[in-house]
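Residue numbers (the numbering used here), protein chains in the order written: chain C, -18 to 493; chain L, 10 to 348.
Here is the structure:
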C-alpha cells in the first residue's frame, strides 16, 4: 500500500540493523475535535511521547480544528498543558521546541466553508514551511454523526486527494456505527472520499502490548498450540470489567450500551485473536484473513433468552463508596433501557473449536477493573487419587491478563504439603514488570505511528466491523424487545441471570 | 531486604538469595537474564544504579562484581538484596586477594539457569572481552570506551581489533539516534552521497565509529574533523543536489537540513547510561552492523580487521573479503590519521 519505499534503496538502512527505528516520513496530522477528552488525554501526549522517543519526522506538524476562538499560541498552550499532565515521558524543553513550531490552529465548525479553505491553506503553508510534503492524516476525534459533514468538506476542499508520492489518510475511532446498517452507511460515506487502504479504524485495545503478546504466546511456542483446541479446552471466558460508571458520557452512552460499546469491537477482536488459526505471515492481510475466518464461523445460540444476559447497575456500595445507579446518572432519561452489563455465549464452528463455548462479558460498575482472556481446560479424564484428595482441584486454566497487572497466569493442581495426599489449585505467574509496561509505548503511540508509517496490521478493516455487527445485531434486536435490563447492585459482578446463564451449561464465571 | 555476608562463598550467597526470596513471599519475578557488572569500589554505586534502572525494563539478577585490592588473603564479601525497588535480585560481590583473578568461580554458580548472561564493564575493560574469564560466560559483552580516562581512540581501536561476536560498546549505542536521523534524511532525500564529514571533539570513539559506519554503508570517503564538542557536533553528507546535514552544537537540540526543504529543529539529547543499556539489552544476538563497523574502523586505521567465524558461516563469504582494502581506503585513512 505504500506508493514507493525509499527505505529499500537507502544505503544507511539494512534489515540487519535492528537498532534503527522506523521514523515516519515527513508528514503532519490534523485533529478534528481537538478540545475533546480523548485528544487531550491520549492523542496529544502520544504525539509528544513519540517525538521524545525520536520517532516523529523532523518538521512534523499538528493542526487543531475546533469551534474555538483561538490563535496558534492558545492552541500550543492547550497542548502544552495536556502534555505536562498526561505524557508518559519526561517533559523536555528541546522536544517541545521541535514540536511546537509545527502547531497550527484553525477555528470553525464543520459546516464552515471558510474554515475548511483556511485549513487547506494552512496545510499548503506547512508543506512549504515545515516540509510536510503533502502527507497528512486527518484524525476524526468527533461523534460519528459529524463524519458525513467533515468527510464531505474534506472532499469539497480537495483535502482528501493525495498528489503523486504523497498520502492522505483518515483515522476514525469506535464506535464504527451502532448496527450493521449504520456501519455500512458510515463506510459508504468514508470510502466515497478515501480509498479503503487510507482509512484507519482505531481500536486502541489492539495496540496493547499484552494483546499482541497473545499472538506471540500462541504462535512462537510449542507448549500451548497442541492443547489449544476442543480436545483440551472446555470453554473460554473473555471479560472486560470496569469499576467506574458512565461518568459524564451520558450523551454518548444512552442508547449505545455495553454490547455496542465494548463487545462489538474489543471483545470480539480478543476472541478472534484467541481463536484464530496461525496466519501464514504476520502482515496485515494474513492476520486479517484469519480473524475474518473466525468471525465468519461464529454461531449464536438459538435460544437467546437462555444464553445471553444483560443488566443495569443500581445504586450501591462500590469499593467503599456509595455510588449512583445508572438511572440516577446525569442526563439519563428515566425510561432508558440501555444496558450497562452484557454477557453472551458464542460458538465457533470450526474443527478446532467445535463445541467450545466462548463467553464474553462486559460491564460497568463491576467488582474491579480487569480485562482478561481465560482459557479453561477440561478436567483430567481419570484421576488416580481418592475423591477427597481432589476435592479442591478445579479446572486448569491459562489466563492472559490484558490490564491492569499485565501478564499470564497458569492455574493447575499441586500437592498440599503434608503427609496426606491432598491436591489444590495453585497459580503460576508471569508478570510484565510494571515499569516495563510504562516504558514501552502506549497503545495510542503505537497506533499513531502505524498510521503515519502506513502500516495497518492492527487496524480492523471494514469487513471485520461488518462481521462483528452481523454477530451482534440479532442479539441487540432481541434485547430491544425485552424492555428494562435486570438490575445489579453497583460493585458486584453483574445480575443473577448472568450466573444462571453459565449454570445452565454447568459452568461458573471466574472471579477475575 | 538486604543480607550481608562476610568471608563467604558462592553457595552461601545462593542460599541467602533463596532465603531472601522466600522472605519476600516468593513473588513472581520473571527474571529474563543475569546481568554482571564489573566495577571498582569507587564506581560501583552509579553503575549499579544504572543497572537497577535497566532491570525495570529487563528484569534480571544483577551480579555486581567489585574488584578490590589484589593483595592480601583471598576473600569474598557479599550483599544480597531482593524485593526492594525494581523487580529482580541484586548481589554485590566484593572480591579481594587472589580471588580477584578468579571472579568467574563466584559468578558461575550464581547465574540464572538457562537464561542469557550479559556482562558490562562501566569503566576499565579487558583488552579482549571475549577471552576474559568473566566475559567468556556471557553472550553479550558491553564495554564503554568513552569511559576510558586516556587514549580513548586507541582503546576503541583495540576493542575493534579484538572484536568477537557478542561484543558491543556503548560508544556505538550512543549513535543510534544520530543514525536513525541520518537514515530518515536519506529516506526523505534519496540521492547518491559523494562524500561526507563527521565533526566531534578530539577524543570521541562514537565519532570514529560514525565515520566507519558511514564508510561501510555509503562507500565514499568520510572525513573526521575536529570541533569543540560536546560529543558529535555535526554530520554532513554531500550529494549532487546539495548537503544533507544534522548539526548539534549544544548537545541537546539539533538542526536537520536537507536540500529543497526548510531547516527544522530536532531534539537529539545525549542519553543517560540506563537508557543506553536498555537499548543494548533489547537484543542479545550478534550486532552485524557493529561488526561491519569495527572492521571498517580497523581498515581506516590501517590495521588488519578481526576475523569472525560468523561472517564465514552466516554470510557465506570468505573472511578475506572483508579484509580486502577498499579503493577509498588510502584517502580516508590519511585524513583520519590527522587526528
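Cβ coordinates follow ideal geometry from the N, Cα and C atoms, glycine included.
Taking the straight line between their C-alpha atoms, what separation do you get for residue i and residue j?
| i | j | result |
| --- | --- | --- |
| residue 104 (chain L) | residue 27 (chain L) | 22 angstroms |
| residue 182 (chain L) | residue 296 (chain L) | 11 angstroms |
| residue 349 (chain L) | residue 125 (chain L) | Only positions 10 to 348 of chain L appear in the structure, and residue 349 (chain L) is not among them; the question remains open. |
| residue 98 (chain L) | residue 293 (chain L) | 20 angstroms |
| residue 302 (chain L) | residue 30 (chain C) | 31 angstroms |
| residue 478 (chain C) | residue 458 (chain C) | 19 angstroms |
| residue 56 (chain C) | residue 88 (chain C) | 10 angstroms |
| residue 121 (chain C) | residue 395 (chain C) | 52 angstroms |
| residue 341 (chain C) | residue 248 (chain C) | 7 angstroms |
| residue 52 (chain C) | residue 58 (chain C) | 10 angstroms |
| residue 184 (chain L) | residue 219 (chain L) | 7 angstroms |
| residue 409 (chain C) | residue 133 (chain C) | 54 angstroms |
| residue 482 (chain C) | residue 307 (chain C) | 23 angstroms |
| residue 304 (chain C) | residue 471 (chain C) | 7 angstroms |
| residue 347 (chain C) | residue 339 (chain C) | 20 angstroms |
| residue 315 (chain L) | residue 47 (chain L) | 25 angstroms |
| residue 406 (chain C) | residue 370 (chain C) | 12 angstroms |
| residue 25 (chain L) | residue 34 (chain L) | 14 angstroms |
| residue 425 (chain C) | residue 253 (chain L) | 32 angstroms |
| residue 94 (chain C) | residue 242 (chain C) | 33 angstroms |
| residue 159 (chain L) | residue 127 (chain L) | 26 angstroms |
| residue 317 (chain C) | residue 469 (chain C) | 16 angstroms |
| residue 465 (chain C) | residue 204 (chain C) | 46 angstroms |
| residue 274 (chain L) | residue 265 (chain L) | 6 angstroms |
Pick helix, strand or coil for residue i, following the three-state DSSP scheme.
| i | result |
| --- | --- |
| residue 27 (chain L) | helix |
| residue 40 (chain L) | coil |
| residue 290 (chain C) | strand |
| residue 308 (chain L) | helix |
| residue 250 (chain L) | coil |
| residue 504 (chain C) | Any question about residue 504 (chain C) goes unanswered here, given that chain C covers just -18 to 493. |
| residue 132 (chain L) | coil |
| residue 53 (chain L) | helix |
| residue 258 (chain C) | coil |
| residue 203 (chain C) | coil |
| residue 445 (chain C) | helix |
| residue 278 (chain L) | coil |
| residue 16 (chain C) | coil |
| residue 245 (chain C) | helix |
| residue 298 (chain C) | strand |
Can you tell me the Cβ-Cβ gap for residue i and residue j, rounded? I've got them flagged as a contact below 8 angstroms.
| i | j | result |
| --- | --- | --- |
| residue 291 (chain C) | residue 460 (chain C) | 6 angstroms |
| residue 121 (chain L) | residue 43 (chain L) | 5 angstroms |
| residue 285 (chain L) | residue 217 (chain L) | Not confirmed; about 17 angstroms, so no contact. |
Candidates the options: which alpha carbon is nearest residue i's?
| i | options | result |
| --- | --- | --- |
| residue 364 (chain C) | C:356, C:355, C:375 and C:354 | C:375 |
| residue 249 (chain L) | L:272, L:200, L:152 and L:219 | L:200 |
| residue 213 (chain L) | L:68, L:153 and L:253 | L:153 |
| residue -2 (chain C) | L:308, L:226, L:254 and L:78 | L:226 |
| residue 9 (chain C) | C:115, C:250, C:90 and C:75 | C:115 |
| residue 49 (chain L) | L:21, L:131, L:18 and L:317 | L:131 |
| residue 222 (chain L) | L:234, L:207, L:235 and L:156 | L:207 |
| residue 359 (chain L) | L:85, L:63 and L:232 | Residue 359 (chain L) is absent from the structure shown; chain L starts at 10 and stops at 348. |
| residue 312 (chain L) | L:71, L:80, L:172 and L:16 | L:172 |
| residue 378 (chain C) | C:142, C:353, C:385 and C:366 | C:353 |
| residue 480 (chain C) | C:174, C:218 and C:7 | C:218 |
| residue 109 (chain L) | L:89, L:139, L:78 and L:136 | L:78 |
Under 9 angstroms between the Cβ atoms of residue i and residue j?
| i | j | result |
| --- | --- | --- |
| residue 246 (chain L) | residue 39 (chain C) | no |
| residue 380 (chain C) | residue 355 (chain C) | yes |
| residue 237 (chain C) | residue 159 (chain C) | yes |
| residue 37 (chain C) | residue 5 (chain C) | yes |
| residue 47 (chain C) | residue 14 (chain C) | yes |
| residue 297 (chain C) | residue 323 (chain C) | no |
| residue 69 (chain L) | residue 41 (chain L) | yes |
| residue 135 (chain C) | residue 439 (chain C) | no |
| residue 251 (chain C) | residue 383 (chain C) | yes |
| residue 264 (chain C) | residue 441 (chain C) | no |
| residue 182 (chain C) | residue 448 (chain C) | no |
| residue 102 (chain L) | residue 202 (chain L) | no |
| residue 312 (chain C) | residue 228 (chain C) | no |
Closer than 8 angstroms to a non-hydrogen atom of the ligand HEM - does that hold for the CB of residue i?
| i | result |
| --- | --- |
| residue 246 (chain L) | Summarising the ligand content, the structure contains no ligands, and the ligand HEM is consequently not present. |
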